[in-house]
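**Student:**
Numbering (our numbering), first residue to last: 5 to 501.
1) Roughly how many whole angstroms lie between the Cα atoms of residue 376 and residue 310?
2) Return the bridge partner residues of residue 52 from the DSSP annotation.
3) Taking the straight line between their C-alpha atoms, what separation do you get for residue 425 and residue 409?
4) Could you give the residue range of the alpha helix (DSSP H) that holds residue 102?
5) If we ignore side chains and look at the alpha-carbon of each, how far apart do residue 308 and residue 393 end up?
6) Taking residue 403 as part of the alpha helix (DSSP H), name the residues at either end of that continuous run.
7) At 3 residues or longer, and completely inside the region 195-257: list those beta strand (DSSP E) runs for me, N to C.
8) Going by DSSP in three states, residue 267 sits in which element: helix, strand or coil?
9) With a cut-off of 8 Å, do at least 3 Cβ pairs link the region 235-245 to the region 276-285?
10) On a CA-only basis, which of 97, 136, 12, 69 is nearest residue 162? Give me that one, please.
11) Report the start-end ranges of each beta strand (DSSP E) in the region 410-471 that is 3 residues or longer and not cut off at the edges.
12) So, is residue 214 buried or exposed, given that buried needs 16 or more other C-beta atoms within 10 angstroms?
13) What is the DSSP secondary structure of residue 492, counted as helix, strand or coil?
14) Where does residue 81 fall in DSSP's three states?
15) When the Cα of residue 145 is compared with those of 159, 117, 157, which residue comes out closest?
16) Might you give, ordered along the chain, the residues of its own chain that have their beta carbon closer than 7 Å to the beta carbon of residue 329, omitting 5 neighbours on each side?
17) With C-beta atoms as the reference, is residue 315 less than 9 Å away from residue 355?
18) For residue 404 and residue 332, I'd like the C-alpha separation in whole angstroms.
19) To the nearest whole angstrom, what separates the beta carbons of residue 368 and residue 416, a pair I think is in contact under 8 Å?
20) Along the chain, where does the alpha helix (DSSP H) containing residue 334 start, and where does it finish?
21) Between the alpha carbons of residue 18 and residue 53, how many angstroms are there, rounded?
22) Could you please give the first and the last residue of the uninterrupted alpha helix (DSSP H) stretch that includes residue 122?
23) Which of helix, strand or coil does DSSP assign to residue 375?
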């Protein structure tokens, strides 16, 4: 039985490269916990890693000693010229990477590349004037990523660039958080709250959210800031009533100029929360893009992950959205859900293609500590997610859906990725902006995050309280931080669109 309290020791000698060393180890040993120290004596038992840097004269000696249960101790070393910290960190991670690859017989598809935004590295090289062959040479040498992932990242960057070139950096986007769900899915780690427990807080939450929207709206008007895109997310925003949806969306319309908004998205989400009445309110009040998210059309898998709807419920919700007149619908799928077979996933994707939504997002199961599935992580790591993802890339692109945004997360099954695909002209601006981090995003509501992007690229984040009762009870102290928003918006007004 797995000991969920065990923390694998990682000893760092002569360096402070904790973040990148841990990220590298997680490429091979996801959904695990680690302890860090500088004391060699802590490397005991049958599982540990020692990562060392020893500077002597003009050289640096890098070494990695790795012991995994049931395998011989492996020691690797390399000598590099004394250089900057980043080079030493990267090369020490490379030693750990090759050691774990050798012991476990695994080659991660993204190679040494860690971090959420691999496409940004490709975009930067394209903007330097490099062609595909140049980029392949640079990134393969540095990160050892697979040809398939390089091609996917390159295709995504190429599809993003025309939109990024039109970005208005003097504008801002607005994110509105409705952090509630009817139930919590077993794979979910978002700070979302069951409607059963949150229903009594709803009147106070809606009131506080509207107050925050009024405050942000006043700042936006005073700084003459244009709102470029709006995104209602969660949670599942359609968990709340049609009346509450109307109240919040009317507050947005009253406090922000929607005339120049290029995209207004509402994440309708789970089919069991979607009604014709709610969809009509959403459309009436300006949203022109919605998401209806089945995750899978396999009813048995839906039960396993804790969903209270069927595949048929999704089809009905999608049909209702089309009937009402939504011409820009996204659907989310998840590759690697527990008990899902490769064939079952393929059948879901083929059915979605028959519906011809404007965009399809394929996520890969991620085992977060806050998710129920984390407790049985070893069982969930053994599934055909890679086959599902590989099938989706080829099938979607041949069907006219191009990758336009991509991100990765720690503890993702098989070290895979999440990709948004769309028909040409239906790329989501908001999704691109949040991944590229080139436009300020103003967050309103519980668990929302404001991302202030200053001229020159400096980024400052302001996080709202995670829980509704905190957000409501500490609202005044939270609003004191809005002066930082005013300062940033004044500065970005001087930037060229």
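Even glycine gets a Cβ: it sits at the ideal position worked out from N, Cα and C. Please read these numbers as outputs of a predicted model, since none were measured by experiment.
**Tutor:** Let me spell this out:
1) Per-residue confidence for residue 376 stands at a pLDDT of 48, beneath the threshold of 50, marking its modelled position as unreliable; no derived number is given.
2) 71
3) 7 Å
4) 89-108
5) 21 Å
6) Note, residue 403: premise wrong, no alpha helix (DSSP H); not H, not E.
7) 231-237
8) strand
9) yes
10) 136
11) 422-426, 444-448, 453-457, 463-467
12) buried
13) helix
14) strand
15) 117
16) 287
17) yes
18) 15 Å
19) 5 Å
20) Not the alpha helix (DSSP H): residue 334 falls in the beta strand (DSSP E), residues 333-339.
21) 14 Å
22) 122-131
23) Its pLDDT being 44, under 50, residue 375 is placed unreliably in this model, and the value from its coordinates should be taken loosely. Correct three-state label for residue 375: coil.
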